[in-house]
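Residue numbers (our numbering): -7 to 447.
All C-beta atoms in this analysis are idealised placements derived from N, C-alpha and C, irrespective of residue type, glycine included.
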Amino acid sequence: MSGLILIKNGTVVTADGVSKKDVLIQDSRILKVAPAIDCEAQVIDASGMYVFPGFIDAHTHYHLVSRGTVTADSFPQGSRLACYGGVTTVVDFADHQKGMNLKDSLAFRLNEMKDGMAIDYTLHQGVYGHGFTPDIEKQLEELKKQGVRTLKIFTTYRETGYLLEEREKIKKLFKYAKKLGMLVTAHCEYNPTIEEISASWKGDFLPHAHADLRPAEAEAKAIEFYGSCALEEDCPFYVVHCSSEAGLNAIRELRRKGGTVYAETTPTYMFLDRKYLEGEDGPLYVMTPPLRTERDCVALRQAVLNGEIQVVATDHCSFTREQKLSSCDVRSIYPGIPGTEELFHLLFTAWYENPVVGLEKIVNVVTKSPAQLFGIYPEKGSLEEGTDADIVIYDPSEKWVLEDNNVHTAALYTPYRGFEVQGHVKMTFLRGRLMMADGKYLGEDNKGVFLKQHD
Ligand SMILES: [Zn+2]
């Protein structure tokens, strides 16, 4: 029979559990998930393999125009490296363009993306200080009609006009978000703290200074301030790339007071500490917020395992090795690092080496949890019958080492160089189409679909 693919004998793991089941795909959809399916189909033997829902990287910046240049990974390149990591959906960002309303800013980004994306995508829409006009409520309504209900605000970056700092405006945004069922996500670094430190700074500006110029206390303070505004409006609040134990503690405190707070972290903050900022390669590890201490890494890994952190995404924002190393002054180093491809490999390895919770908990933070928060569940993030056949077949058997030359980012380096990882993504399906198999990329640049977010 044409159009039928049967994945047999694998161990199926979704956020809801682990079981020995077969998965039958018909064209773009999952037709059936059950033990021992027998039918005439193209059979893929997944003995000894895990079968996961396609992963979601809920925080990416592919083809980001920034600081007079553009990031290394274009939409086609981003899609390609994502497939090597089993990622079939990304949530990228639409900047709030100067002089443009939110709907037009979204349209601007969608137009940039439409011909280049080979995997599916949706967007967080930036709501920046420079464009916070009196008609903002109306703009949010319009935006939601376009299929985007997650917003991104900045608590810092006055110089670019991103900063949203007035309590009155912040509260207004939470009020409208609550009314419209939208989710406000925030980059949390308290600007007054950062401006104060930088005004009195007497040290150098080498990469290691980055961690002291933007310390963990600034993250905690921003979470406290913006989170309390959300709490007063009884509105949920989502902290992007939480980087520190102090930040985590601020989240715990808000929850203790009754706030609904969601937290995201990245493998960067889980597995790399500020020692990487020392030495010649220091610039390669500059991103914001900065790397913290080993203690912070441990606290974040623990919080992912115990469910205090809901999403692990990457903040993939890649510049080439050459671009990164062109400066060793933190004020001018291009900020950001790659990571989508490494995301699940690192999470799986950490779990494999210390399986204190079920694998479904790890799968949850890159499938169901982000899909639910960003309004694309169960089409994405599940293996429910009738949903998109986005599937990853993962071979856990072999150990290998991440090196600059075995990842697929155009940045031409991996921040995790030398890390030994357990197993690899063997096959990636998107809507029933094989996108990557045994190291060979099979995607097509314009086949990615924009996913409208629902309530
Ligand atoms: Zn980001």
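Quiz item: For residue -7, which of helix, strand or coil comes out of DSSP?
Solution: Taking the sequence shown and counting its residues from 1, one reaches residue -7 at position 1. Because the pLDDT of residue -7 is 46, which lies under 50, any placement of that residue in the model is unreliable, and the question is left without a value.
Quiz item: Should residue 304 and residue 228 be called a contact, given that it needs their Cβ atoms to be closer than 9 Å?
Solution: Locating residue 304 in the sequence shown gives position 312, counting from the first residue. Locating residue 228 in the sequence shown gives position 236, counting from the first residue. Contact flag unset, no.
Quiz item: Does DSSP classify residue 144 as helix, strand or coil?
Solution: As a first step, residue 144 is located in the sequence shown; it is residue number 152 there, counting from the start. Strand, per DSSP.
Self-check item: Inter-residue spacing [alpha-carbon to alpha-carbon] between residue -7 and residue 33
Solution: Position 1 of the sequence shown, counted from the first residue, corresponds to residue -7. Position 41 of the sequence shown, counted from the first residue, corresponds to residue 33. Only weak support exists for where residue -7 lies, its pLDDT of 46 falling under 50; the value from the coordinates is given anyway. Cα atoms of residue -7 and residue 33: separation of roughly 6 Å, rounded to the nearest angstrom.
Quiz item: Distance, Cα to Cα, residue 100 vs residue 11?
Solution: Taking the first residue of the sequence shown as 1, we reach residue 100 at position 108. Taking the first residue of the sequence shown as 1, we reach residue 11 at position 19. Going by the C-alpha atoms only, they are around 43 Å apart.
Practice problem: Could you check what DSSP says for residue 392 in three-state terms: helix, strand or coil? | Solution: Within the sequence shown, the letter at position 400 stands for residue 392. Note: residue 392 maps to strand in three-state DSSP.
Quiz item: Do you know offhand how far residue 246's Cα is from residue 122's?
Solution: As a position in the sequence shown, residue 246 is number 254, starting the count at 1. As a position in the sequence shown, residue 122 is number 130, starting the count at 1. Approximately 28 Å, taken between the alpha carbons.
Quiz prompt | residue 441 versus 81, 295 and 384, residue with shortest Cα-Cα distance | solution = Against the sequence shown, residue 441 aligns to sequence position 449. Selected option, being the one with the closest Cα: 81.
Exercise. Kindly examine ligand 1 and report whether one of its heavy atoms sits closer than 8 Å to the Cβ of residue 197.
Key: Translated into positions along the sequence shown, residue 197 becomes position 205. False, no ligand heavy atom lies under 8 Å from that Cβ.
Self-check item: Cα-Cα separation, residue 20 to residue 421
Solution: Indexing the sequence shown from 1 puts residue 20 at position 28. Indexing the sequence shown from 1 puts residue 421 at position 429. Roughly 9 Å separates the two Cα atoms.
Practice problem: Counting only the same chain and skipping the five closest in sequence on each side, list residues whose C-beta sits under 7 Å from that of residue 42. | Solution: Translated into positions along the sequence shown, residue 42 becomes position 50. Around residue 42: 2, 3, 5, 386 and 388.
Quiz item: Less than 9 Å separating the beta-carbons of residue 244 and residue 300?
Solution: Here residue 244 refers to the residue found at position 252 when the sequence shown is read from its first residue. Here residue 300 refers to the residue found at position 308 when the sequence shown is read from its first residue. It is a contact, given that the beta carbons lie within the stated cut-off.
Quiz item: Closest by CA to residue 333, which one among 215, 384 and 13?
Solution: Start at 1 with the first residue of the sequence shown, and residue 333 comes out as number 341. With distances taken between Cα atoms, residue 333 lies closest to 384.
Quiz item: Using the C-alpha atoms, what's the distance from residue 424 back to residue 18?
Solution: Within the sequence shown, numbered from 1, the residue matching residue 18 stands at position 26. Within the sequence shown, numbered from 1, the residue matching residue 424 stands at position 432. Whole-angstrom Cα-Cα distance: 7 Å.
Practice problem: Using only the heavy atoms of ligand 1, determine whether one of them is closer than 8 Å to the beta carbon of residue 311. | Solution: Position 319 of the sequence shown, counted from the start, is the residue given in the question as residue 311. Judged by the Cβ position, residue 311 fails to qualify as a neighbour of ligand 1 at the 8 Å threshold, every heavy atom of the ligand being at least this far.
Quiz item: When the Cα of residue 317 is compared with those of 307, 213 and 328, which residue comes out closest?
Solution: Along the sequence shown, read from residue 1 onward, the residue named residue 317 stands at position 325. When only C-alpha atoms are compared, the closest one is 328.
Exercise. Check whether the Cβ of residue 307 sits closer than 8 Å to any heavy atom of ligand 1, and report yes or no.
Key: The residue given as residue 307 occupies position 315 in the sequence shown. Flag set: Cβ of residue 307 near ligand 1.
Quiz item: What three-state label does DSSP hand residue 329 in the structure shown?
Solution: The residue given as residue 329 occupies position 337 in the sequence shown. Strand, per DSSP.
Exercise. In the DSSP assignment, find the unbroken beta strand (DSSP E) run with residue 35 in it and report its ends.
Key: If you number the sequence shown from 1, residue 35 lands on position 43. 34 to 37 is the extent of the beta strand (DSSP E) around residue 35.
Practice problem: Give the secondary structure of residue 229 by DSSP, where H, G and I count as helix, E and B as strand, and everything else as coil. | Solution: Stepping through the sequence shown from its first residue, residue 229 is reached at position 237. Strand, per DSSP.
Practice problem: Indicate, with yes or no, if ligand 1 has a heavy atom lying under 8 Å from the CB of residue 454. | Solution: Any answer about residue 454 is impossible in this case: the structure gives the chain only from -7 up to 447.
Quiz item: Can you tell which of 443, 445, 428 and 9 has the C-alpha that lies nearest to the C-alpha of residue 72?
Solution: Reading the sequence shown from its first residue, position 80 is the one you call residue 72. Minimum Cα-Cα distance from residue 72 among the listed residues 443, 445, 428 and 9 corresponds to 428.
Quiz item: Out of curiosity, what's the CA-to-CA distance linking residue 66 and residue 50?
Solution: Position 74 of the sequence shown, counting from 1, holds the residue named residue 66. Position 58 of the sequence shown, counting from 1, holds the residue named residue 50. If I take the Cα positions, the gap works out to 17 Å.
Self-check item: Own chain partners of residue 274 with C-beta closer than 6 Å, once the 5 adjacent residues on each side are dropped
Solution: Counting from one through the sequence shown, the residue named residue 274 turns up at place 282. For residue 274, where only same-chain residues beyond five positions count, the Cβ hits under 6 Å are 199.
Exercise. Tell me whether residue 55 counts as near ligand 1, meaning its Cβ is closer than 8 Å to at least one heavy atom of that ligand.
Key: Reading the sequence shown from its first residue, position 63 is the one you call residue 55. No - ligand 1 has no heavy atom lying nearer than 8 Å to the Cβ of residue 55.
Quiz prompt | Pairwise C-alpha distance: residue 37 and residue 13 | solution = Position 21 of the sequence shown, counted from the start, is the residue given in the question as residue 13. Position 45 of the sequence shown, counted from the start, is the residue given in the question as residue 37. The alpha-carbon atoms of residue 13 and residue 37 are separated by roughly 12 Å.
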